[in-house]
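Have a look at this one:
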């Protein structure tokens, strides 16, 4: 079953390149801004206001960022639950990207919390308020971060030569893998449920009510597949390795099926709620809705055949479009379609943007460091140099 | 083999999901009812003269700072509720503004402060119980020592009430708490206490609702009396007036004089008590001659968003039944598949 011809191995190579130095600089800028925020408050660095109490640090860093970090979840679902062993080589790199995506999303939330020193209240009986969707999201994401570190531990244990610890962990790993599938299913759907209580403050194009969890869950898995294709393509180009297209093409087929199902659910929901009419109004919301839908519908056409899915270029373009679609669905729901009354405006400040950029830079930097030093990517012959 | 496992996995997951969905009717969460002793405010836009005494009194009673919106910072001029202002009076105006309480070519005043919803979104949204609804009085309170500053309450409130002090490194939520800190001294909401015309009236919601209905039944121009301050139920007043009712004042903890009355003339009202049905009801009720949407209040359905949100959460997570069932199924499947790999002696992680 599993394609184990190439066991994971460290890539090696230098950590200091112009690219990593750029990433380091961007991370440092974000760090300085965050420090400033701690001393002078959210208002000093963000454009947040009472009409838009949530900005990109929530809508992008957490809601989009964690969805982009669903590669590990989607791969674990495929390999360990649906027993598709041929995708096994994709698990570790995907899990690593997820690990960083989630850990940093979780860490960045702390800086968005106004009263961050109280954050532990969420986990504390007496404070914890279990009816809150936010409670579910926070607890579930935190638990998943811990689970992912445990799931990824074998890579570290291999490197450090801790054989017996690794063997003991291996015996229990199936349970953490199960948790690692359950927890993202819960909080990725709940990220959609967050919008339910906003009621009519969310534009009808995105206020899907009881279907929000399904819509967010389906797109999270979809994004997981897309991100794996995206990252596999980028890391084979970036690290000059052979492209994993033979594994990616069948993966794309599964992704395609899910995409078709998602588009049907999304359109049916809009039709049944009678919300589709508002897509033809001359509003920004309608405009961004069509852009979002195009990002899902175009890959439906370009990735329709097996042949198309074997084309690395098409596959990459399709994955990028799906990521953009998932990004827009979330940004539209949380910001573009959030209507809180006249007179409120929000566009992220430069400082806010730089924090988000720095966060992404740090994620990539950490990813590069780990794959160069720990066994993550399948050992493979380098492609022609 | 592969396909069989695939089906098994799908089946187990589906069964677990169905189990969760089946518990749905039991988990449905209705909109909460009004606490019987609920207290609140009745705001009558027709009686309001726009003097803003309530804005000043609110600031004083709650120790809130001044807020400036004019170039020369001569006096407290808040434009809206904010981190520094819990209550404002706003003006509606249209055309030449020649008549009060008229939608066209008219003007009107409207109060903006916490509605003290019967089933508040902020309380349901808050992950750390910083927002609470008092079981007896129904007052929606805020505890900054519990708050993590996530601002889900700010985003969730359909009235845009909870506000946040973004400019502080130790920020907090600001919202009207109906002067509960004054209750122990036998005092009531400062805005109602100082209102010269009784446009803002404090009392039990049941009593306020009766008063609102009485006003709506009056013919415009008809002579009547308007209460001012703290409106009490007839039987409470009777007890207080009776010789044996002497102790009643102490028993109820009243330090104030209760409602004063003055003669007046009924205005032209819309036949609508805003807050009676909206969003499952609010403990601030409002009367007006101008449509509430024109005054900045949303047209809300009778079902609260908190009820919808919690129905969803309880359906999926009630008693953790569905998550545990799904986890069981996943563990079973994962164990089988991981073992399978080990059997082939592969490197896996």
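Residue numbers (my numbering), protein chains in the order written: chain V, 1027 to 1411; chain H, 5 to 353. Even glycine gets a Cβ: it sits at the ideal position worked out from N, Cα and C. Only a predicted model underlies this, so the values are computations on that prediction, with no experimental measurement involved.
Proximity test, Cβ basis, 8 Å: residue i and chain V
i	result
residue 266 of chain H	no
residue 299 of chain H	no
residue 143 of chain H	no
residue 391 of chain H	A query on residue 391 of chain H cannot be resolved here, the shown segment of chain H reaching from 5 to 353 and no further.
residue 180 of chain H	no
residue 295 of chain H	no
residue 1 of chain H	Within the shown structure, residues of chain H are numbered from 5 to 353, placing residue 1 of chain H beyond reach of any answer.
residue 310 of chain H	yes
Nonlocal neighbours in the same chain, by C-beta distance under 7 Å from residue i, ignoring five residues either side
i	result
residue 1385 of chain V	1056, 1087, 1130, 1134
residue 1038 of chain V	1398
residue 285 of chain H	38, 122, 279
residue 1339 of chain V	none
residue 1148 of chain V	1154, 1161, 1164, 1165
residue 1281 of chain V	1248, 1251, 1252
residue 157 of chain H	126, 129, 130, 135, 166, 177
residue 237 of chain H	208, 211
residue 1075 of chain V	1370, 1372
residue 1265 of chain V	1037
residue 1227 of chain V	1364, 1365, 1366
Cut-off 6 Å between Cβ atoms - residues of its own chain near residue i, not counting five sequence neighbours on either side
i	result
residue 1399 of chain V	1036
residue 1256 of chain V	1345
residue 29 of chain H	At residue 29 of chain H, the pLDDT of 48 sits below 50, so the modelled position is not reliable; the number obtained from the coordinates is stated separately. Same-chain partners within the cutoff: there are none.
residue 204 of chain H	45, 47, 58, 195, 196
residue 183 of chain H	65, 193, 194
Residue-chain proximity (residue i, chain H), Cβ-Cβ < 8 Å
i	result
residue 1141 of chain V	yes
residue 1235 of chain V	yes
residue 1214 of chain V	no
residue 1145 of chain V	yes
residue 1124 of chain V	no
residue 1133 of chain V	no
residue 1311 of chain V	no
residue 1097 of chain V	no
residue 1037 of chain V	no
residue 1204 of chain V	yes
residue 1176 of chain V	no
residue 1226 of chain V	yes
Cβ distance (whole Å) where residue i is taken to contact residue j below 8 Å
i	j	result
residue 161 of chain H	residue 125 of chain H	6 Å
residue 1125 of chain V	residue 1098 of chain V	7 Å
residue 1159 of chain V	residue 1216 of chain V	6 Å
residue 194 of chain H	residue 62 of chain H	6 Å
residue 1171 of chain V	residue 1213 of chain V	Their Cβ separation, rounded to whole angstroms, is 11 Å, which puts residue 1171 of chain V and residue 1213 of chain V out of contact at 8 Å.
residue 296 of chain H	residue 290 of chain H	7 Å
residue 1059 of chain V	residue 1381 of chain V	5 Å
Cβ neighbours of residue i in the same chain (closer than 8 Å, five flanking residues each side left out)
i	result
residue 1041 of chain V	1394, 1395, 1398
residue 1207 of chain V	1099, 1102, 1103, 1106, 1107
residue 53 of chain H	113, 200, 201, 203
residue 1073 of chain V	1081, 1372, 1373, 1374, 1375, 1378
residue 73 of chain H	81, 82, 83
residue 139 of chain H	39
residue 1333 of chain V	none
Any non-hydrogen atom of the ligand ADP closer than 7 Å to residue i Cβ
i	result
residue 104 of chain H	The model depicted lacks the ligand ADP and carries no ligand whatsoever.
> Along the region 1182-1196 of chain V, what residues have a CB closer than 7 Å to any CB found in chain H?
Replying inline: none
>> Short of 8 Å Cβ to Cβ, which residues in the region 193-218 of chain H face chain V?
In response: none
> Are three or more beta carbon pairs between the region 1107-1121 of chain V and the region 119-127 of chain H nearer than 8 Å?
Replying inline: These segments do not touch.
>> Pairs of beta-carbons, one from the region 221-238 of chain H and one from the region 166-176 of chain H, closer than 8 Å: are there three or more?
In response: no
>> Against chain H, which members of the region 1067-1092 of chain V pass a CB distance test of less than 9 Å?
In response: 1067, 1068, 1069, 1070, 1072, 1074, 1075, 1076, 1077, 1078, 1079, 1080, 1084
> Given a limit of 9 Å on CB to CB distance, which residues of the region 49-81 of chain H reach chain V?
Replying inline: When CB distances to chain V are screened at a threshold of 9 Å, not a single residue of the region 49-81 of chain H falls below it.
> Going along the chain, which residues of the region 153-172 of chain H sit with their C-beta nearer than 7 Å to a C-beta in chain V?
Replying inline: Residues 153, 154, 155, 156, 158, 159, 160, 162, 164, 167, 168, 170, 171, 172.
> What residues in the region 328-340 of chain H have a beta carbon less than 7 Å from any beta carbon of chain V?
Replying inline: So the list reads 330, 331, 334, 335, 337, 338, 339, given in the order they occur along the chain.
> Given 8 Å as the limit, is there contact between the region 1317-1330 of chain V and the region 1346-1363 of chain V, that is, 3 or more CB pairs closer than that?
Replying inline: Verdict: yes, contact present.
>> Taking beta-carbon pairs under 8 Å, can you tell me which members of the region 1352-1369 of chain V lie near chain H?
In response: 1364, 1366, 1367
> Are there three or more Cβ pairs, one per stretch, closer than 8 Å when the region 78-91 of chain H is compared with the region 264-284 of chain H?
Replying inline: no
> Relative to chain H, which residues along the region 1103-1119 of chain V have a C-beta separation below 8 Å, given in chain order?
Replying inline: 1105, 1106, 1107, 1108, 1109, 1110, 1111, 1114, 1117, 1118
> Would the region 44-62 of chain H and the region 205-220 of chain H be scored as touching if the rule is three or more Cβ pairs under 8 Å?
Replying inline: yes
>> Give me the subset of the region 1382-1408 of chain V whose CB atoms are less than 7 Å from a CB atom of chain H, sorted by chain position.
In response: Answer set for the region 1382-1408 of chain V: empty.
>> Three or more C-beta pairs under 8 Å: does that hold for the region 292-309 of chain H against the region 324-340 of chain H?
In response: no
>> Any C-beta of chain H within less than 9 Å: which residues of the region 1244-1274 of chain V qualify?
In response: none
> Three or more C-beta pairs closer than 8 Å, one from the region 309-320 of chain H and one from the region 1225-1238 of chain V: is that the case here?
Replying inline: yes
>> Using a Cβ-Cβ cutoff of 9 Å, what residues of the region 313-327 of chain H are near chain V? List them in chain order.
In response: 313, 314, 315, 316, 317, 318, 319, 320, 321, 327
> For the region 120-138 of chain H, which residues have a beta carbon sitting closer than 7 Å to at least one beta carbon of chain V?
Replying inline: 125, 128, 129, 130, 131, 132, 133
> Of the residues that make up the region 1039-1058 of chain V, which ones have a beta carbon closer than 9 Å to any beta carbon in chain H?
Replying inline: none
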